[in-house]
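Visitor: Quick note on the numbering used here: the sequence shown kicks off at 6 and runs consecutively.
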Amino acid sequence: MKSHDHLLDRQYDEENYNCVHFAHEAALDLYGIDRVEALEFFMKPIKEKVFLPSRLKLLNPLPMPKEGCIVAFHSRYRNKPPHVGLFRLGRVLHLMEGGVTFLSEEVIKAMGFSRVSYYD
Numbered sequence: 006m007k008s009h010d011h012l013l014d015r016q017y018d019e020e021n022y023n024c025v026h027f028a029h030e031a032a033l034d035l036y037g038i039d040r041v042e043a044l045e046f047f048m049k050p051i052k053e054k055v056f057l058p059s060r061l062k063l064l065n066p067l068p069m070p071k072e073g074c075i076v077a078f079h080s081r082y083r084n085k086p087p088h089v090g091l092f093r094l095g096r097v098l099h100l101m102e103g104g105v106t107f108l109s110e111e112v113i114k115a116m117g118f119s120r121v122s123y124y125d
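Now the structure itself:
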């Protein structure tokens with residue numbers, strides 16, 4: 006399996022590179038999966054973005070995670086968009102303001118998320 010070490014230096018930028026950009030890049034690089042059609046809206050600059058749950062419908066929901074799927078962590082607050090990462094080796098590879106981390110779902114949920122969804 007291809008290493009993800011080369012992705013660990015990615016840096017969060019509120020306007021140009023967020024968790025969605027990272028999940029898209031990682032899925033394309035590591036698994037050859039291009040989800041740009043479903044994710045492009047979430048990759049727009051923050052001033053042009055309005056969260057539309059209907060865009061997630063372009064992805065196929067999964068009952069449980071599988072290697073390379075998108076993991077969406079839903080905030081406890083209704084109007085806040087989900088945080089996303091990539092399911093990999095039983096954990097989640099994702100980008101936060103402090104950089105890239107590779108954590109268990111439980112640890113990420115403890116950061117203020119009430120539920121988790123999986124998408125292919």
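Don't be surprised by glycine CBs; every beta carbon is placed ideally from N, CA and C. What you are looking at is a predicted structure, and each value in this text was computed from that prediction instead of being measured.
Compare the C-alpha of H88 against each of N65, P66 and M116 and name the closest.
Guide: The sequence position of residue 88 within the sequence shown is 83, counting from 1. Here the closest residue by C-alpha is M116.
Visitor: Of the choices G103, E19 and I38, whose alpha-carbon is the least far from that of K49?
Guide: Here residue 49 corresponds to residue number 44 of the sequence shown, with the count starting at 1. Taking only the C-alpha atoms, the option nearest K49 is E19.
Visitor: Does the structure place the stretch 109-124 close enough to the stretch 13-28 that three or more beta carbon pairs sit under 8 Å?
Guide: Output reads no: the stretch 109-124 does not touch the stretch 13-28.
Visitor: Have a look at G103 and F92 and give me their C-alpha separation to the nearest angstrom.
Guide: In the sequence shown, counting from the first residue as 1, residue 103 sits at position 98. In the sequence shown, counting from the first residue as 1, residue 92 sits at position 87. G103 and F92: Cα-Cα distance of roughly 19 Å.
Visitor: Tell me, to the nearest whole angstrom, how far the beta carbon of V76 is from that of G90; I am working on the premise that it is less than 8 Å.
Guide: Position 71 of the sequence shown holds residue 76. Position 85 of the sequence shown holds residue 90. About 5 Å separates the two Cβ atoms, so the contact holds.
Visitor: Give the secondary structure of I75 by DSSP, where H, G and I count as helix, E and B as strand, and everything else as coil.
Guide: Along the sequence shown, read from residue 1 onward, the residue named residue 75 stands at position 70. In this structure, I75 counts as strand in the three-state DSSP scheme.
Visitor: Run through the DSSP bridge pairs and tell me what G90 is partnered with.
Guide: The count along the sequence shown starts at 1 and reaches residue 90 at position 85. Partner(s): V76.
Visitor: Would you identify the three-state DSSP class for D18, choosing helix, strand or coil?
Guide: Here residue 18 is taken as the residue at index 13 of the sequence shown, counted from 1. D18 falls in the strand class under three-state DSSP.
Visitor: So F78 and F118 are in contact, right, with Cβ under 8 Å, and what is the actual spacing, rounded?
Guide: Counting from one through the sequence shown, the residue named residue 78 turns up at place 73. Counting from one through the sequence shown, the residue named residue 118 turns up at place 113. Confirmed, about 4 Å.
Visitor: In the DSSP assignment, the alpha helix (DSSP H) including Y36 goes from what residue to what residue?
Guide: Stepping through the sequence shown from its first residue, residue 36 is reached at position 31. Segment C24 to Y36, the alpha helix (DSSP H) holding Y36.
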